[in-house]
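Chemist: Here it is: the structure, laid out below.
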Amino acid sequence: MTSLKHSPFGEVEPRGWLPWGVLAPVLGLLFIILGIAITSGIFLRPAGFLDERWEPIGTMGLFVMLMISFGAVGVLTTAWIKLVERRPLASVGLTPGGLRPFLGGHGIGIAMVLAIVLLTWFFGGYNVGGLLPAFTSITALLNIALLLIGFALQSSVEEYVFRGWLLDVLARKFNIWVAVIVSSALFCLLHVDPANPWYDNVNTFAFALFACAWVLHTGNIWGVMGWHAGWNWFMGVGFDLPITGLDTGVPALIIELAPNGPHWLNGGNTGPEGSVFCTLVFIVGTIYWMRRPKAIADS
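In this text, residue positions in the sequence shown follow the numbering used here: the first is 467, and each later residue adds one.
What follows is the structure in structure tokens.
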């Protein structure tokens with residue numbers, strides 16, 4: 467019988483087959499790759515939402531990709547949990563009463579982006595342009611609203627897979643420390659861009675550690691899902707800056723900013739996620755959540 471003492475989300479016994487620990491990261495990769503590849507090849511590319519490099523075309527292409535591709539990843543992961551492992555979604559962190567922590571996390575994500583941008587600007591990392599340019603166009607505001615929905619789904623699915631299902635399986639099979647390191651490393655691997663400086667990957671790993679610390683303290687993934695959604699959305703639409711190198715194609719919701727100075731200061735073509743202040747914010751945030759690390763204390 468599977469030992470449950472390391473589970474981050476409570477002692478719920480799977481009625482089906484929980485995969486071997488070494489197989490779980492491979493399955494996680496398959497959920498992501500298959501969901502995105504199948505929808506992109508069968509629907510998105512033929513329908514004209516992706517270009518020849520399989521990149522989204524315009525804001526609508528990005529929105530459809532976020533909804534369809536990551537929706538498929540969520541469906542595959544849920545099908546595995548319900549049909550193979552045969553256990554409730556609460557056992558991977560989707561506990562009842564998620565709306566309030568989701569919205570709270572969403573606000574925290576926006577606040578953290580704002581803190582990073584303000585710190586970078588204060589130290590000369592940005593040149594300032596127009597104020598509230600998105601409000602000159604109804605189309606731009608509608609696109610920003612669509613991206614609010616799209617990023618909410620995309621970010622929630624990533625947390626569901628990495629900080630929900632994968633973290634739980636690895637913690638049950640090994641221990642919580644292995645679960646945190648392996649799930650964070652896999653998350654980092656899927657976001658690696660060889661063209662970017664090495665310290666961008668450090669920030670991605672720090673991003674994942676911060677998310678794990680949040681989940682382990684609260685015992686659910688709702689808050690971190692909302693935080694990730696608010697982070698991605700506001701990072702992508704707030705300041706006309708890229709998010710993980712991606713241009714959302716909408717004018718800035720708050721103020722136009724242009725990078726000024728070295729990559730380590732403002733993230734350059736990566737966006738604020740490549741800034742040293744992003745590293746600082748994640749370190750502080752991780753320390754905050756680790757003050758009472760419930761799952762580690764109980765292991």
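Positions of the beta carbon are idealized from the N, C-alpha and C atoms, including for glycine.
Terminal residues of the continuous beta strand (DSSP E) containing residue 615?
Modeler: To locate residue 615, count along the sequence shown from 1; it is residue 149. Not the beta strand (DSSP E): residue 615 falls in the alpha helix (DSSP H), residues 604 to 625.
Chemist: Based on the DSSP output, what are the partners of residue 594 in its beta bridges?
Modeler: Here residue 594 is taken as the residue at index 128 of the sequence shown, counted from 1. Paired residues: 723.
Chemist: So what does DSSP say about residue 523, is it helix, strand or coil?
Modeler: Residue mapping note: residue 523 aligns to position 57 of the sequence shown, counting from 1. Note: residue 523 maps to coil in three-state DSSP.
Chemist: With H, G and I counted as helix, E and B as strand and the rest as coil, what does DSSP make of residue 709?
Modeler: Taking the sequence shown and counting its residues from 1, one reaches residue 709 at position 243. Looking at residue 709 - three-state DSSP - the assignment turns out to be strand.
Chemist: Are there 16 or more other CB atoms within 10 angstroms of the CB of residue 690, so buried, or fewer, so exposed?
Modeler: Within the sequence shown, residue 690 is the residue found at index 224, counting from 1. Buried: at least 16 other Cβ atoms inside 10 Å.
Chemist: Could you check what DSSP says for residue 762 in three-state terms: helix, strand or coil?
Modeler: To locate residue 762, count along the sequence shown from 1; it is residue 296. With a pLDDT of 46 at residue 762, under the threshold of 50, the modelled position of that residue is not reliable, and no figure is offered here.
Chemist: Looking at residue 478: is its Cβ nearer than 8 Å to the Cβ of residue 556?
Modeler: On the sequence shown, residue 478 is found 12 positions in, with the first residue counted as 1. On the sequence shown, residue 556 is found 90 positions in, with the first residue counted as 1. Yes, these two residues count as a Cβ contact at 8 Å.
Chemist: Under 8 Å: do the stretch 617 to 631 and the stretch 526 to 536 share three or more Cβ pairs, one atom per stretch?
Modeler: These segments touch.
Chemist: In angstroms with no decimal places, state the Cα-to-Cα distance between residue 642 and residue 472.
Modeler: On the sequence shown, residue 642 is found 176 positions in, with the first residue counted as 1. On the sequence shown, residue 472 is found 6 positions in, with the first residue counted as 1. When rounded, the distance between both Cα atoms is 6 Å.
Chemist: How about the stretch 551 to 565 and the stretch 723 to 732: do they share at least three Cβ pairs that are nearer than 8 Å?
Modeler: No contact exists between the stretch 551 to 565 and the stretch 723 to 732.
Chemist: Could you pull the start and end residues of the alpha helix (DSSP H) that residue 662 belongs to?
Modeler: Residue mapping note: residue 662 aligns to position 196 of the sequence shown, counting from 1. Unbroken run through residue 662: none, as it is neither H nor E.
Chemist: Counting C-beta neighbours from all protein chains within 10 Å, is the total for residue 521 16 or more, i.e. buried, or is it exposed?
Modeler: Your numbering for residue 521 matches position 55 in the sequence shown. So residue 521 ends up on the exposed side.
Chemist: Quick check: what's the CA-CA separation for residue 582 versus residue 632?
Modeler: Here the question's residue 582 lines up with position 116 in the sequence shown. Here the question's residue 632 lines up with position 166 in the sequence shown. Whole-angstrom Cα-Cα distance: 29 Å.
Chemist: Do you know offhand how far residue 614's Cα is from residue 720's?
Modeler: Along the sequence shown, read from residue 1 onward, the residue named residue 614 stands at position 148. Along the sequence shown, read from residue 1 onward, the residue named residue 720 stands at position 254. Distance between the alpha carbons of residue 614 and residue 720: 15 Å.
Chemist: Alpha helix (DSSP H) containing residue 703: first to last residue?
Modeler: For this step, residue 703 is matched to residue 237 along the sequence shown. Start and end: 688 to 703.
Chemist: Taking 7 Å as the limit between beta carbons, can you name the residues of its chain near residue 714, skipping five residues before and five after?
Modeler: In the sequence shown, counting from the first residue as 1, residue 714 sits at position 248. 525, 528, 613, 702 and 703.
Chemist: Taking DSSP as the reference, what is the three-state secondary structure of residue 484?
Modeler: For the purposes of this step, residue 484 is taken as residue 18 along the sequence shown, with counting starting at 1. If DSSP states are grouped into helix, strand and coil, residue 484 belongs with coil.
Chemist: Can you tell me where the alpha helix (DSSP H) holding residue 559 begins and where it ends?
Modeler: Counting from one through the sequence shown, the residue named residue 559 turns up at place 93. No alpha helix (DSSP H) holds residue 559; DSSP gives it neither H nor E.
Chemist: Answer yes or no: do residue 610 and residue 716 have a C-beta to C-beta separation smaller than 8 Å?
Modeler: To locate residue 610, count along the sequence shown from 1; it is residue 144. To locate residue 716, count along the sequence shown from 1; it is residue 250. Yes.
Chemist: Going by the CB atoms, is the gap between residue 589 and residue 731 shorter than 8 Å?
Modeler: Indexing the sequence shown from 1 puts residue 731 at position 265. Indexing the sequence shown from 1 puts residue 589 at position 123. It is a contact, given that the beta carbons lie within the stated cut-off.
Chemist: Under three-state DSSP, which class holds residue 489?
Modeler: As a position in the sequence shown, residue 489 is number 23, starting the count at 1. Of the three classes helix, strand and coil, the one that applies to residue 489 here is coil, per DSSP.
Chemist: Buried or exposed for residue 755, please, with buried defined as at least 16 other CB atoms from any protein chain shown within 10 angstroms of its CB.
Modeler: Start at 1 with the first residue of the sequence shown, and residue 755 comes out as number 289. Buried: at least 16 other Cβ atoms inside 10 Å.
Chemist: Anyone know if the C-beta pair for residue 676 and residue 748 falls short of 8 Å?
Modeler: For this step, residue 676 is matched to residue 210 along the sequence shown. For this step, residue 748 is matched to residue 282 along the sequence shown. In this structure, residue 748 lies closer than 8 Å to residue 676 by Cβ.
Chemist: Can you check whether the CB of residue 559 is closer than 8 Å to the CB of residue 686?
Modeler: Within the sequence shown, the letter at position 220 stands for residue 686. Within the sequence shown, the letter at position 93 stands for residue 559. Yes, Cβ-Cβ distance for residue 686 and residue 559 is below 8 Å.
Chemist: Tell me which same chain residues have a C-beta within less than 7 Å of the C-beta of residue 734, skipping the five on either side of it?
Modeler: On the sequence shown, position 268 is the one that residue 734 refers to. Closer than 7 Å at Cβ, skipping near neighbours: 725 and 740.
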